[in-house]
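Same order as they appear, the protein sequences are chains L and P.
Just so we're aligned, residue 0 is where the first sequence starts under numbering that gives the first Met the number 0, counting upward by one.
Just so we're aligned, residue 0 is where the second sequence starts under numbering that gives the first Met the number 0, counting upward by one.
The beta carbon of each residue, even a glycine, is placed where N, CA and C say it ideally should be.
Just so it is clear, the structure is predicted and the values come from calculations on it, not from any experiment.
Protein chains: 2
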Amino acid sequence: MNIYKNPPKSEWDQLLKRPVEDLTVLEDLVKNIFREVKINGDKAVREFTRKFDGNTLDSLKVSPKEFHQSADMVTDELKNAIATAASNIRQFHEAQVGSSTHIEPMKGVECWQEFRAIEKVGLYVPGGTAPLFSTLLMLAIPAQISGCREIQVCTPAGKDGKIHPAILYCCHYLGLKDVFKVGGIQAIAAFTYGTETISRAYKLFGPGNQYVTAAKMWATMEGVPIDMPAGPSEVLVCSDASGNAEWIASDLLSQAEHGPDSQVIFITTSEPLIEETRIAMGIQMARLPRKSIISEALQHARAIYFEEEEMVFDFINQYAPEHLILNIHKPEEKLHKIQNAGSVFIGPYSPESAGDYASGTNHTLPTYGQARVFGGLSVRDFMKNISFQKITLTGLENLAPAIIPMAAAEQLEGHKNAVTIRLKSVT
Amino acid sequence: MNIYKNPPKSEWDQLLKRPVEDLTVLEDLVKNIFREVKINGDKAVREFTRKFDGNTLDSLKVSPKEFHQSADMVTDELKNAIATAASNIRQFHEAQVGSSTHIEPMKGVECWQEFRAIEKVGLYVPGGTAPLFSTLLMLAIPAQISGCREIQVCTPAGKDGKIHPAILYCCHYLGLKDVFKVGGIQAIAAFTYGTETISRAYKLFGPGNQYVTAAKMWATMEGVPIDMPAGPSEVLVCSDASGNAEWIASDLLSQAEHGPDSQVIFITTSEPLIEETRIAMGIQMARLPRKSIISEALQHARAIYFEEEEMVFDFINQYAPEHLILNIHKPEEKLHKIQNAGSVFIGPYSPESAGDYASGTNHTLPTYGQARVFGGLSVRDFMKNISFQKITLTGLENLAPAIIPMAAAEQLEGHKNAVTIRLKSVT
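Here's what the structure looks like:
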C-alpha cells in the first residue's frame, strides 16, 4: 500500500488514476469470433467453447436433470442464505418500479409515461476463479420483477462440462430455464446475433473479464445495448479517528481478494490510523487463502491522509468509487456531499460484503469512474418508458398557437399542416 | 408509397427492415478528428469548423451580446410559442423525478437509493436544413430539472458565423451561457476530451446526422456515454375505418419532410383507406415546400392492409416505431398491447407535431427499433442513482447467516472475514 500525506491537488491526477485498460488489442479476436458466430451459429459457439473452455458438450443448454441434481449438491445452510439474500434483493428492487407520470398541462392535453419490460434480455454470469452465483441473483431478480418475457443466462462450464452447482441452484430457485453453458466472447456474440439454441437478446447484462467487456462493447456497435461498461472492482474506505483499524483492514482486504487489478483506496483524516490499518492488514492477510492475489492488488493500493475533511469529499467525488465505505462521525450529515459513488456503506457495521451478497442493494455497480454517470443496476434498467399523449379537439386548439409558429420557424410546413388541416376541417 | 395486403409473416422481415446504416465507412474520419482535437484542442476544432462549416470565428463561444441580439430577432408570436412549449415540457419532466426507494428488509438493515444529477453534460443541437431550436428545449429543460451543474451546448454556425436566432433565443430564454458555435464530429470530440474553451462532458445528448452519430458511438468507446443511438426518424400511423384520410396523409407527410431517409409506415384494417390516403397525400404534397425531400422519402414508404387487428399490434411491436399514431376505435382499450414504441399519439386530434413541439413529451426518441430497449429522453437520463445501506450491529447479526455461507461458497474468505471480525470483536 502506497502512502500519501496531504497531497496537493496538483498531484491528484496520479492518485485518481485507474490502470489503463486497452481493449483495442482484443478487437481482432472479438470481431473474428462475432463473425464466425454470426455465420455458423451453434457450430461456432461449440468450437470456441472447446477451444477456450476446454470442454465438449452434448448440449449447450442445461437440462432439467442437471437443475435437479444441483439442488442435491448445495447445503441447506447455503440454500437458506440464498433465500434470505434473494428476499432482501427482491424487496429493494420491487420498491424501484415507481409509478407513471401523468399530467394535463392544458385542458384537453393529457401526457403520461408508462414503463414496459424489455422483452428479451441476456444475462452473463462469469465462471473463472470464483463461482459468482450472487451475480445471478443480482441480474435475474430485477429482470423478473420488471417482467422481462425471455430471460436467458450464459455462464461458462468447467473443463468437466459442468456449471458450478450453486449457480445452477440459483437458476433453479428462481425458475430460470434457458441457461447455457457458454462463456466469453462467444456467449456475447450468441446473444447479439442469436443461434439455433440461443435467441437474440435485446439488451445484455452482467460483468466479465476483459474478453467479455470487449465483446460487450462490440455488441453495442452491433446495435445491442449493454447495462454499463465494466472495469476492475474498487473500494474507497473513508475513515476519521473513530475508525477501527482491524475492521477497515478487513474491508480493504475483501476488495483486494477480487483480483490483482482490484482498486483499493483508504482515505483518512487520522494519520496514525494508516499505520494501524497496515499492521492489521498484514496479520489478517496471512490467514486468507487468496493472499497472492491480495498482495498483487495491494502493490497499487493507496492510503491517503488528508488534514481537511473538505479535501476528502472532493477526492471521493473526483474518484467516483464503485464502493464507498463511510466510517466517520455522524455520517448521515455528510451524505449530501457525495455526488459520485456507486454504493455507499454507512457506519462501522456496514462492510462491503453485506451489499455484495445480502443487504438487498445491487452489487452490479459502475467502476472506472463511471459512477459519475451510471448508478447500480436497477429494475428500470430492464424496462423502458413509453410516452403517451391524448389530445382532444380543445386540446389541439390550445396547443396550436405553440405548434404553428414553431413548425413554421423550423421550416417544417408539413408539421404545421398536420395541425391546421384538422382545425380547418372542424370549423 | 408501396402497398401490401395481408402480407404473411414469412414476408414481414422485408417490411420490418430499416435502411442499413453503415457508419464504419466514417471510422477513419472520426478517429482522425478525435485524435486531432485530443492533441490540439481549440486549434483543431477551429480548423475543422473552417473546413466543414465554412466559417472563421473570432470566438467559439457565443457572446452575451449575441444572446441579446437574438431576442430582437425573434417575433413575439414565436416567443410566446416557445414559452408555452417550455412550460408543458417542464411540467411533464418535473413529474418524472420520482422519489427515493427506502426499505428495511430486516431489523437494523436500511437500504435506499437517491438520485443525483450527472454533473457535466454536453448537449448537441443540429444545424443543417432546419434550425431545430425545439431540440434545444427537449435537451436542456430535463437537464436543468435534474440539476446538472454544467450544461454546455454545441451547435454549428452557418457560413456567416452565426447561429440561427431562434436557437440562440431558446438558450437565452433558459439561461444557458455555455453555448459554442461548433458542430459535427469536432463538437463531439471536444465534449469527449475537453479543449481550452469547451470542457469535458460526462455524458452526451442530442440527435445529429450520420457524422454526429458515428462520433457519438466513438465517444462511448472513449468512455463517454451517450443518450441513445440515433437513426432516421420514423412514424407508424395505424388506423381503422374510422380514420380521416386527409389527417392521416398530413401525418405521413409531416414525417416524410424530415429527410429523404425518413421512415413512413401506414397500417390499416380498412383497405379503401389506403387509396384515399394516397390521393390526399398527392394533393397536400403539391403545396409543401419540401416536396422533393418528401417524394424521396415516400419511395420507400409502406402502406399495409391487415384484415386482423392482432396482426397490426404484432407488427407494431416487432417494428418498434419511434412515433406511433393510433387512430382506432376506443384506442385506450388497446394501449396495453403496445410493447415497443417511443411516443404514442392517441386518437384523431393527436398529430405527431404536437409531441414534436409542445404537448410536453420529449421528442428525443428511440429510432431504428431501439424502442425495444430505450424510451424517450427523460429526467432520469440526466441523473444516476446512488445506493446506500446503513447496517447496525443487530442488522449485521441478522445478515451474517446469509453473507457467511455465500462468501465461503464463492471462495471469498476475505468477504466472510469482514463480517466475522466485526461480530467477534463485540461478543
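{"Item": "Alpha carbons only, please: which of P:Glu321, P:Ile273, P:Asn243 and P:Glu308 is nearest the one belonging to Gly375 (chain P)?", "Value": "P:Glu321"}
{"Item": "Reducing DSSP to helix, strand and coil, say where Cys147 (chain P) ends up.", "Value": "coil"}
{"Item": "Under three-state DSSP, which class holds Leu77 (chain P)?", "Value": "helix"}
{"Item": "Which first and last residues belong to the alpha helix (DSSP H) in which Arg49 (chain L) is found?", "Value": "Asp41 to Asp52"}
{"Item": "Taking buried to mean at least 16 other C-beta atoms within 10 Å of its own C-beta, is Gln338 (chain L) buried or exposed?", "Value": "buried"}
{"Item": "With DSSP run on the structure shown, which of helix, strand or coil describes Asn339 (chain L)?", "Value": "coil"}
{"Item": "Got a sec? Which residues, its chain only, sit under 8 Å from Val372 (chain P) by beta carbon, not counting five neighbours each side?", "Value": "Pro365"}
{"Item": "With a threshold of 6 Å on Cβ separation, who are the neighbours of Cys119 (chain L) within its own chain once the five nearest residues in sequence on each side are excluded?", "Value": "Before going further, note that residue 119 (chain L) is Lys rather than Cys in the sequence given. Glu149, Ala200 and Tyr201, listed in sequence order."}
{"Item": "Run through the DSSP bridge pairs and tell me what Asn1 (chain P) is partnered with.", "Value": "P:Arg301"}
{"Item": "Report yes if the C-beta distance between Val178 (chain P) and Val152 (chain P) is below 7 Å; otherwise report no.", "Value": "yes"}
{"Item": "Among the candidates L:Lys8, L:Ile32 and L:Met0, whose CA atom is the shortest distance from the CA of Tyr210 (chain L)?", "Value": "L:Ile32"}
{"Item": "What in chain L is Cβ-close to Tyr210 (chain P), meaning under 7 Å?", "Value": "What Tyr210 (chain P) touches in chain L: nothing, since even the nearest Cβ is about 16 Å away."}
{"Item": "Between the stretch 400–408 of chain L and the stretch 347–367 of chain P, do three or more beta carbon pairs fall short of 8 Å?", "Value": "yes"}
{"Item": "So, for Leu131 (chain L): in the same chain, excluding its five sequence neighbours on each side, which residues have a beta-carbon less than 7 Å away from its beta-carbon?", "Value": "Val124 and Pro125"}
{"Item": "To be precise: take each residue of the stretch 15–40 of chain L, compare its Cβ to all Cβ atoms of chain P, and keep it if any distance is under 8 Å. Which residues remain?", "Value": "none"}
{"Item": "May I ask you to verify whether the stretch 156–176 of chain L touches the stretch 45–58 of chain L, counting CB pairs closer than 8 Å and requiring at least 3?", "Value": "yes"}
{"Item": "From L:Thr363, L:Lys42 and L:Ser238, pick the residue whose C-alpha is nearest to that of His92 (chain L); which is it?", "Value": "L:Thr363"}
{"Item": "Using only CA atoms, which one of L:Leu411, L:Ile420, L:Thr393 and L:Leu167 lies nearest to Gly258 (chain P)?", "Value": "L:Leu411"}
{"Item": "For a contact meaning CB atoms closer than 8 Å, what does Trp246 (chain P) contact in chain L?", "Value": "Ala417, Ile420, Arg421 and Ser424"}
{"Item": "Kindly list the residues whose CB is nearer than 8 Å to the CB of Lys383 (chain L), restricted to its own chain and excluding five residues on each side of it in sequence; keep chain order.", "Value": "Phe114, Arg115 and Ile117"}
{"Item": "Helix or strand or just coil, what does DSSP make of Ile247 (chain L)?", "Value": "helix"}
{"Item": "Starting from Asp435 (chain P), follow the beta strand (DSSP E) in both directions and report where the run begins and ends.", "Value": "Only positions 0 to 426 of chain P appear in this structure, which leaves residue 435 (chain P) out of reach."}
{"Item": "Beta-carbon of Met280 (chain L) versus every beta-carbon of chain P: anything under 7 Å?", "Value": "no"}
{"Item": "Given a limit of 8 Å on CB to CB distance, which residues of the stretch 172–195 of chain L reach chain P?", "Value": "none"}
{"Item": "Would you say Ser99 (chain L) lies against chain P (beta-carbon separation less than 7 Å)?", "Value": "no"}
{"Item": "Under 8 Å by Cβ, that's how I've got Leu252 (chain P) and Leu287 (chain P) pegged, so tell me the actual separation to the nearest angstrom.", "Value": "6 Å"}
{"Item": "Taking the C-alpha atoms as reference points, what is the distance between Gly183 (chain L) and Arg289 (chain L)?", "Value": "24 Å"}
{"Item": "Nearest CA to the CA of Gly341 (chain P): which residue from P:Glu233, P:Asn243, P:Cys110 and P:Phe314?", "Value": "P:Glu233"}
{"Item": "To the nearest whole angstrom, what separates the beta carbons of Ser69 (chain L) and Leu167 (chain L), a pair I think is in contact under 8 Å?", "Value": "4 Å"}
{"Item": "Please report the straight-line C-alpha distance between Val44 (chain P) and Ile390 (chain L), rounded to a whole angstrom.", "Value": "45 Å"}
{"Item": "Return yes when the Cβ of Asp250 (chain L) is within less than 7 Å of the Cβ of Ala82 (chain P), no when it is not.", "Value": "no"}
{"Item": "What residues from chain P crowd round Cys110 (chain L), counting only those whose CB sits closer than 7 Å?", "Value": "Phe91, Ser358, Gly359 and Thr360"}
{"Item": "Taking 7 Å as the CB-CB cut-off, is Gly413 (chain P) touching chain L?", "Value": "yes"}
{"Item": "Please tell me whether Val96 (chain P) has its Cβ less than 7 Å away from any Cβ of chain L.", "Value": "no"}
{"Item": "Cβ atoms of Ala408 (chain P) and Ala165 (chain L): under 7 Å apart, would you say?", "Value": "yes"}
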